[in-house]
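Colleague: One structure follows; several queries about it will come next.
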Amino acid sequence: MATIGQSPPPWKLVSPEDWNDWRWQLRHRLHGAEALFSFLEERGIHANTSALSEAISRYRFSAVPYYLSLVNWADPDDPVRRQCIPDSRERVDVLDLSADPFKEVASRQTPGVVHRFSDRVLLLATTDCAVYCRHCTRKNTLDEALCAAGPRFDAAIDYIEGRTEVREVLISGGDPLLLPTPQLDALLGRLLAIPHVEVLRIGTRVPVVLPMRVNVELVAMLRRHRPLWINTQFNHPRELTQTALAACSSLTEAGIPVSNQSVLLKGINDRVSVMRELCAELQRNLIRPYYVFQCDPIRGISHFRTEPSVGGALERELRAGLGGLCLPRFVADVPGAPGKTPLT
Ligand code: SF4
């Protein structure tokens, strides 16, 4: 299970028991503009408060202490900081970028169910996240009314029961591993009880941003619902802490494969040395480097997007030095395309 790490400064007065309690982490999330400004001020960082307030009024902001503790505050371009702290550039509306280019909202047959490919559905189970990633592909569409939370689970299950061509359900959100364990247990059980549903997949950043959530109780529950695959998203080697790796290894030891789907982020992981270290470390820890996604053409994240040629060049350079099991596929989701498009 996830290793017990010491609470770092400025949380050094927090007991290790609290620090390693995922509920404590969630209760102490940094949330909203005022809390962020005080937090930055304590670190001697003077923010453009009106620009950041505007960004936060458009896009949710929360971050748990664990993930914030990984930031090097002396570096304004720190790769962890850029993923979790709002940026004034989020307000820039680039004309050809849309809030929902993949028409996920229009493709929801029932609240929380997106059925774009015949054999699989996407089930959006919550809008809650331990950290609202600044590059999130759903940052414009995280809406309670559009997800299958609470009483709407019944309608989502009914829809999937009625579609016998569906053999795989990808549960995402928000972050499904933030659901209370009994609620997630019931959801997974109901899905696997549908005769034509063969495989479950969970998309989650919990192993990266809140690895203490992967505790004994959660792993024991998840292993009862195999075949179950976990897809997570490490974007930089700095996120591969002992606690994060222990969380992943407790899943793989329970027979739950963990795959990684990075997002290619300008200034964060668009250099071959960073990507090579990330992929090698993932493979060494039995986490499959599966995909690297071109950052989606979504409003509010244009400052993270690289040219498509960057991903293609990175893949070619990595191929020269890494074996196949260590080499992710560099792809893009292109609006209107039937599947993933290789960047090479
Ligand atoms: S955890 Fe996932 S859904 Fe939540 S903000 Fe990050 S990328 Fe988006």
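Residue numbers are given in my numbering: position 137 of the sequence shown equals residue 137, and the series is strictly consecutive. Cβ atoms here follow ideal geometry from the backbone N, Cα and C, with glycine treated the same way.
Taking VAL293 as part of the alpha helix (DSSP H), name the residues at either end of that continuous run.
Modeller: A small correction: the amino acid at residue 293 is Phe; Val does not occupy that position in the sequence shown. First-last for PHE293: 288-294, but that is the beta strand (DSSP E), not the alpha helix (DSSP H).
Colleague: What I want to know is whether the C-beta of GLY203 ends up closer than 8 Å to one or more non-hydrogen atoms of the ligand SF4.
Modeller: yes
Colleague: Could you tell me whether any non-hydrogen atom of the ligand SF4 is closer than 8 Å to the CB of GLN233?
Modeller: Indeed, a heavy atom of the ligand SF4 lies less than 8 Å from the Cβ.
Colleague: Where ALA332 and ALA106 are concerned, what is the direct C-alpha to C-alpha distance, given to the nearest angstrom?
Modeller: If I take the Cα positions, the gap works out to 21 Å.
Colleague: Counting along the chain, where does the alpha helix (DSSP H) carrying SER38 start and finish?
Modeller: Per DSSP, SER38 is one residue of the alpha helix (DSSP H) stretching across 33-42.
Colleague: Looking at SER50 and the ligand SF4, is the gap between the Cβ and the nearest heavy atom below 8 Å?
Modeller: no
Colleague: If contact is defined by three or more beta carbon pairs under 8 Å, each pair taking one atom from either stretch, is the segment 282-292 in contact with the segment 319-326?
Modeller: Taking a cut-off of 8 Å on C-beta distances, the segment 319-326 touches the segment 282-292, as three or more cross pairs fall below it.
Colleague: Under a three-way DSSP split, which group does ALA2 fall into?
Modeller: Confidence at ALA2 is low in this model, with a pLDDT of 44, below 50, so its placement is unreliable and the value that follows should be read with caution. In the structure shown, ALA2 sits in coil (DSSP, three-state: anything other than H, G, I, E or B).
Colleague: Would you identify the three-state DSSP class for TRP229, choosing helix, strand or coil?
Modeller: strand
Colleague: The alpha helix (DSSP H) spanning ARG190 covers which residue range?
Modeller: 181-192
Colleague: If you run the structure through DSSP and keep just helix, strand and coil, what is THR252?
Modeller: Helix at THR252.
Colleague: Distance check for ALA246 and VAL113, CA to CA, integer angstroms please.
Modeller: 32 Å
Colleague: At a threshold of 8 Å, does LEU142 count as lining the ligand SF4 (C-beta to nearest heavy atom)?
Modeller: yes
Colleague: Spatial neighbours of VAL206 within its chain, please: CB distance less than 8 Å, with the 5 preceding and 5 following residues excluded, ordered by chain position.
Modeller: ALA130, ASP175, LEU177, LEU178, ARG213, VAL214, THR232 and ALA247
Colleague: Can you check whether the CB of ARG223 is closer than 9 Å to the CB of ASP185?
Modeller: no
Colleague: Just how far apart, CA to CA, sit ARG319 and TRP19?
Modeller: 40 Å
Colleague: Who are the Cβ neighbours of ASP93 in its own chain at under 7 Å, not counting the five residues just before and after it?
Modeller: ARG299
Colleague: How long is the line joining the alpha carbons of ARG276 and LEU322, rounded to whole angstroms?
Modeller: 8 Å
Colleague: Using the three-state DSSP reduction, which class does ILE157 fall into: helix, strand or coil?
Modeller: ILE157 falls in the helix class under three-state DSSP.
Colleague: May I have the straight-line CA-CA distance separating ARG372 from ASP128, to the nearest angstrom?
Modeller: Only positions 1 to 344 of the chain appear in this structure, which leaves residue 372 out of reach.
Colleague: For the ligand COA, is there any heavy atom lying closer than 8 Å to the beta carbon of SER172?
Modeller: The ligand COA is absent from the structure shown, which contains only the ligand SF4.
Colleague: Round the Cβ separation of GLU90 and TYR59 to the nearest angstrom and send it over; I've been treating them as touching at under 8 Å.
Modeller: 6 Å
Colleague: Would you call the segment 164-175 in contact with the segment 233-244, where contact means no fewer than 3 C-beta pairs closer than 8 Å?
Modeller: no
Colleague: Are there any heavy atoms of the ligand SF4 lying less than 8 Å away from the beta-carbon of ASP175, as far as the coordinates show?
Modeller: yes
Colleague: If the criterion is Cβ atoms closer than 9 Å, does the pair PRO79 and ARG238 meet it?
Modeller: yes
Colleague: I need the boundaries of the alpha helix (DSSP H) containing ILE56, first residue and last residue.
Modeller: Note, ILE56: alpha helix (DSSP H), 49-58.
Colleague: Cα separation between ARG152 and ARG316?
Modeller: If you draw a straight line from the Cα of ARG152 to the Cα of ARG316, it is about 45 Å long.
Colleague: How far does the alpha helix (DSSP H) with SER88 in it extend, from its first residue to its last?
Modeller: Note, SER88: premise wrong, no alpha helix (DSSP H); not H, not E.
Colleague: Rounded to whole angstroms, what's the CA-CA distance from PRO195 to ASP143? Just pull it up for me.
Modeller: 30 Å
Colleague: Name the DSSP beta bridge partners of LEU30, please?
Modeller: In the DSSP assignment, LEU30 forms a beta bridge with ALA63.
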